Amino acid sequence: DTEVTQTPKHLVMGMTNKKSLKCEQHMGHRAMYWYKQKAKKPPELMFVYSYEKLSINESVPSRFSPECPNSSLLNLHLHALQPEDSALYLCASSQGGRGPSFYGYTFGSGTRLTVV
Amino acid sequence: QQPVQSPQAVILREGEDAVINCSSSKALYSVHWYRQKHGEAPVFLMILLKGGEQKGHEKISASFNEKKQQSSLYLTASQLSYSGTYFCGTAKGYGGSQGNLIFGKGTKLSVKP
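In structure tokens form, the structure reads like this:
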């Protein structure tokens, strides 16, 4: 299995809703990432989990809350989002050790989020 | 710091060649290339490491000039399937924040029949 699976593929939510994005990989990768990508822009790093521990939070607002229950699963909990949070949310994974700088990322297909 | 890509966009006819460039003002450990089609996830193409090691697809070629901190992606005999936005990602080191990739703004490649 060489895939990163993200669900749901599309999500529309109101500003008062609570929802979660899910990401799963079974490649034995020990680093997992959330990226946010706005239209016609590059992916921007949000969170990094290394060996199930949060190692990097790129000053992301608290309305985004990541969780890594185990080495295969990564969640992103969403609460009280704003319309400007609408974007493609990408999950990625990489082998541990030297990480993405040496091994690169495997990206999931993303969740296209619309906040209304 | 975000790497700079050029050109921003290029239009080709099938069979033509193209070069996409990526440069950084900081010393780099590795340069990565990804292609993203509209509405899809980025797909890994190649990694170029400091010291000369390369990993990637056989049909893709690229170079990494460590002295200039520049990389170029060479697309030869382009096919319609090459269309998409190409991102370079750079890392200053490995481990911790140094190992995470920062992506350039992308180069949109359109291949016409």
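Residue numbers (my numbering), protein chains in the order written: chain A, 221 to 336; chain B, 127 to 239. Built from N, CA and C at the ideal position, the CB exists for glycine as well. Everything numeric in this text was worked out from a predicted model, so none of it was measured.
Tell me whether residue i sits in a helix, a strand or coil according to DSSP, three-state version.
{"i": "S149 (chain B)", "result": "strand"}
{"i": "S204 (chain B)", "result": "coil"}
{"i": "S223 (chain B)", "result": "helix"}
{"i": "E223 (chain A)", "result": "coil"}
{"i": "N191 (chain B)", "result": "strand"}
{"i": "I228 (chain B)", "result": "strand"}
{"i": "I186 (chain B)", "result": "coil"}
{"i": "Q134 (chain B)", "result": "coil"}
Mind listing the chain B neighbours of residue i? Cutoff is C-beta to C-beta under 8 Å, in chain order.
{"i": "G328 (chain A)", "result": "A167"}
{"i": "P303 (chain A)", "result": "None at all; the shortest Cβ gap to chain B is about 20 Å."}
May I ask which residues mark the beginning and end of the beta strand (DSSP E) holding residue i?
{"i": "P286 (chain A)", "result": "F284 to N290"}
{"i": "S279 (chain A)", "result": "From DSSP, S279 (chain A) is part of no beta strand (DSSP E); its letter is neither H nor E."}
{"i": "Y325 (chain A)", "result": "Per DSSP, Y325 (chain A) belongs to no beta strand (DSSP E) and is neither H nor E."}
{"i": "S306 (chain A)", "result": "Segment: none, S306 (chain A) is in no beta strand (DSSP E) and carries neither H nor E."}
{"i": "I173 (chain B)", "result": "V169 to L175"}
{"i": "K238 (chain B)", "result": "T233 to K238"}
{"i": "H299 (chain A)", "result": "L293 to H299"}
{"i": "L265 (chain A)", "result": "E264 to S270"}
{"i": "S156 (chain B)", "result": "S156 to Q162"}
{"i": "T334 (chain A)", "result": "T331 to V335"}
{"i": "Q127 (chain B)", "result": "Note, Q127 (chain B): premise wrong, no beta strand (DSSP E); not H, not E."}
{"i": "E244 (chain A)", "result": "K238 to Q245"}
{"i": "Q257 (chain A)", "result": "A251 to Q257"}
{"i": "K181 (chain B)", "result": "Q180 to G182"}
{"i": "G210 (chain B)", "result": "G210 to A217"}
Since residue i contacts residue j with CB under 8 Å, what's their CB separation in whole angstroms?
{"i": "R250 (chain A)", "j": "G316 (chain A)", "result": "3 Å"}
{"i": "V130 (chain B)", "j": "S198 (chain B)", "result": "Incorrect: roughly 13 Å between the Cβ atoms, too far for contact."}
Residues of chain A with CB under 7 Å from residue i, in chain order?
{"i": "F229 (chain B)", "result": "P262 and P263"}
{"i": "H183 (chain B)", "result": "In chain order: nothing, as chain A lies at least about 12 Å away."}
{"i": "Y155 (chain B)", "result": "S321"}
What residues of chain A sit near residue i, judged by a beta carbon separation below 8 Å?
{"i": "F190 (chain B)", "result": "Here the premise fails: no neighbours, minimum Cβ distance about 13 Å."}
For residue i, go through chain B and note every residue whose CB falls closer than 9 Å to its CB, in chain order.
{"i": "Y325 (chain A)", "result": "H158, Y160, P168, F170, G215 and L227"}
For residue i, go through chain B and note every residue whose CB falls closer than 7 Å to its CB, in chain order.
{"i": "V268 (chain A)", "result": "N226"}
{"i": "L333 (chain A)", "result": "Neighbours of L333 (chain A) on chain B: none; closest Cβ ~14 Å, over 7 Å."}
Discussion item. To be precise: take each residue of the stretch 280–297 of chain A, compare its Cβ to all Cβ atoms of chain B, and keep it if any distance is under 7 Å. Which residues remain?
Written reply: none
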